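Quick notes on the structure that follows.
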Amino acid sequence: MRVLVTRPQPFADRTARLLAARGHQPLVAPLLRIAPSGEPMPRGEWDAIVLTSASALIAFPEPPTLVPVFAVGDRTAEAAEEAGFQDVRSASGDREALALLARETLPPHQRLLVAAGRDRKEDLDRLLHEAGHEAHVWTAYVAEAETQLPAAARQAIADRSAGHVLHYSRRSASICVALAREEGLDQVLSSLNHVCISEDAAEPVRACGAASILVAGHPSEDAMLALLPRA
Numbered sequence: 001m002r003v004l005v006t007r008p009q010p011f012a013d014r015t016a017r018l019l020a021a022r023g024h025q026p027l028v029a030p031l032l033r034i035a036p037s038g039e040p041m042p043r044g045e046w047d048a049i050v051l052t053s054a055s056a057l058i059a060f061p062e063p064p065t066l067v068p069v070f071a072v073g074d075r076t077a078e079a080a081e082e083a084g085f086q087d088v089r090s091a092s093g094d095r096e097a098l099a100l101l102a103r104e105t106l107p108p109h110q111r112l113l114v115a116a117g118r119d120r121k122e123d124l125d126r127l128l129h130e131a132g133h134e135a136h137v138w139t140a141y142v143a144e145a146e147t148q149l150p151a152a153a154r155q156a157i158a159d160r161s162a163g164h165v166l167h168y169s170r171r172s173a174s175i176c177v178a179l180a181r182e183e184g185l186d187q188v189l190s191s192l193n194h195v196c197i198s199e200d201a202a203e204p205v206r207a208c209g210a211a212s213i214l215v216a217g218h219p220s221e222d223a224m225l226a227l228l229p230r231a
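Residue 1 is where the sequence shown starts when you use my numbering, and the numbers rise one by one after that.
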């Protein structure tokens, strides 16, 4: 079965390998391009670094590997460890789970560096402040949207050869719907099967009229891929 992967690189290639190992035919068509923001890492002593995405790791020129890291999920935690961080903890969930992990693990009044993207939700730093911490947001990376559907994605949607479309965030799902609409393919897109990492990510797909939407019971890639039929 062909599966359309819309997440950015280098994560899309990793997903493609996982899909191939399960007997699926991955079709990689990233709708976002990740790049460092150019904003330097804030100076100072940090009690911990908070990561909502592995994308932020590209912005660390010399990772402060001894500073504890709190990662939103297991994949982000693995990427932090691969980058050299030695004390990494995973919330295995979403932003609320991440804030809860920091609150339960750290003593109050800690200085936290939240490495985030330019287009982000502001609830995490609010939750950390409410937990009694001093949270500083660093715009570490940008995720630029593609201005048109990649050719492979356009073809797979147009001829309905994509058995399933994977959506890893609300923003990328919104971009997918918007670009398909510009190509006159929104109704075709809505007829395909969609697998979403969360209800939030599913909302743009649902709003475009898609009827076949599966939402992961847990916000992780493993939970998403488990929803795919066996090859």
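C-beta: ideal position from N, C-alpha, C; glycine also.
Everything numeric in this text was worked out from a predicted model, so none of it was measured.
Practice prompt. Could you name each continuous beta strand (DSSP E) segment of 3 residues or more that falls completely within the stretch 184-210, going from the start of the chain to the end?
Written response: 193-196
Worksheet entry | Minimum C-alpha distance to A216 - residue among E144, I197, A156, D87 | If you number the sequence shown from 1, residue 216 lands on position 216. The candidate whose alpha carbon is nearest that of A216 is I197.
Worksheet item: Do you know offhand how far W138's Cα is from D159's?
Response: Locating residue 138 in the sequence shown gives position 138, where the first residue counts as 1. Locating residue 159 in the sequence shown gives position 159, where the first residue counts as 1. Rounded to whole angstroms, W138 to D159 spans 42 angstroms at the Cα level.
Discussion item. Can you give me the C-alpha to C-alpha distance between A35 and E78, rounded to a whole angstrom?
Written reply: In the sequence shown, counting from the first residue as 1, residue 35 sits at position 35. In the sequence shown, counting from the first residue as 1, residue 78 sits at position 78. Going from the Cα of A35 to the Cα of E78 covers about 20 angstroms.
Worksheet item: Hey, how far is the Cα of I175 from the Cα of D200?
Response: Within the sequence shown, residue 175 is the residue found at index 175, counting from 1. Within the sequence shown, residue 200 is the residue found at index 200, counting from 1. Cα-Cα distance, rounded: 14 angstroms.
Practice prompt. Would you mind reading off the limits of the alpha helix (DSSP H) that contains H129?
Written response: Locating residue 129 in the sequence shown gives position 129, where the first residue counts as 1. Residues 123-130.
Item to complete: Tell me, please, which residues DSSP counts as bridged to Y141.
Response: In the sequence shown, residue 141 corresponds to position 141, counting from 1. P36, G117, per the DSSP bridge assignment.
Discussion item. Between which two residues does the alpha helix (DSSP H) holding V177 run?
Written reply: The residue given as residue 177 occupies position 177 in the sequence shown. 170-182 is the span of the alpha helix (DSSP H), which, as asked, contains V177.
Practice prompt. For D123, count neighbouring Cβ atoms within 10 angstroms of its own Cβ and tell me buried if that reaches 16, exposed if not.
Written response: For the purposes of this step, residue 123 is taken as residue 123 along the sequence shown, with counting starting at 1. Classification of D123: exposed, given that the 10 Å Cβ count is below 16.
Worksheet item: How big is the Cα-Cα spacing for P108 and G44?
Response: Within the sequence shown, the letter at position 108 stands for residue 108. Within the sequence shown, the letter at position 44 stands for residue 44. The straight-line gap from Cα to Cα measures roughly 18 angstroms.
Worksheet entry | Under the three-state DSSP convention, the category E134 falls into | On the sequence shown, residue 134 is found 134 positions in, with the first residue counted as 1. DSSP places E134 in strand when its eight states are reduced to three.
Worksheet item: Which residue comes first and which comes last in the alpha helix (DSSP H) that contains R17?
Response: For the purposes of this step, residue 17 is taken as the residue at position 17 of the sequence shown. 11-21 is the extent of the alpha helix (DSSP H) around R17.
Fill in: Distance between beta carbons of A54 and V75, contact taken as under 8 angstroms
Counting from 1 along the sequence shown, the entry for residue 75 is found at position 75. Counting from 1 along the sequence shown, the entry for residue 54 is found at position 54. Looking at the sequence itself, residue 75 is Arg, so the reference to Val does not match. At roughly 6 angstroms, the Cβ-Cβ gap stays under 8 angstroms, so R75 and A54 are in contact.
Discussion item. Our contact map puts A180 next to L189 with C-beta atoms below 8 angstroms; I'd like the distance itself, whole angstroms only.
Written reply: In the sequence shown, counting from the first residue as 1, residue 180 sits at position 180. In the sequence shown, counting from the first residue as 1, residue 189 sits at position 189. Yes, A180 and L189 are in contact; Cβ-Cβ is about 4 angstroms, under 8 angstroms.
Worksheet item: How would you label D222, buried or exposed, when you count the other beta carbons within 10 angstroms and need 16 or more for buried?
Response: Taking the first residue of the sequence shown as 1, we reach residue 222 at position 222. When all chains shown are included, D222 counts as exposed.
Worksheet entry | Helix, strand or coil at Q25 according to DSSP, with G and I counted as helix | Taking the first residue of the sequence shown as position 1, residue 25 is located at position 25. Correct three-state label for Q25: strand.
Worksheet item: If you draw a straight line from the C-alpha of G23 to the C-alpha of R17, how long is it?
Response: For the purposes of this step, residue 23 is taken as residue 23 along the sequence shown, with counting starting at 1. For the purposes of this step, residue 17 is taken as residue 17 along the sequence shown, with counting starting at 1. Using only the alpha carbons, I get a separation of about 10 angstroms.
Worksheet item: Per DSSP, which one or two residues make a beta bridge with L4?
Response: Residue numbering aside, residue 4 sits at position 4 when the sequence shown is read from its first letter. For L4, which the question treats as bridged, DSSP gives the partners L27, V165.
Worksheet item: Do you know offhand how far L227's Cα is from A115's?
Response: As a position in the sequence shown, residue 227 is number 227, starting the count at 1. As a position in the sequence shown, residue 115 is number 115, starting the count at 1. When rounded, the distance between both Cα atoms is 31 angstroms.
Item to complete: Could you give the DSSP three-state label for A59: helix, strand or coil?
Response: As a working mapping, residue 59 is identified with position 59 in the sequence shown. Helix, per DSSP.
Worksheet entry | Buried or exposed by the 16-neighbour rule on C-beta atoms within 10 Å, applied to P219 | Within the sequence shown, numbered from 1, the residue matching residue 219 stands at position 219. Answer is buried; the Cβ neighbour count reaches 16.
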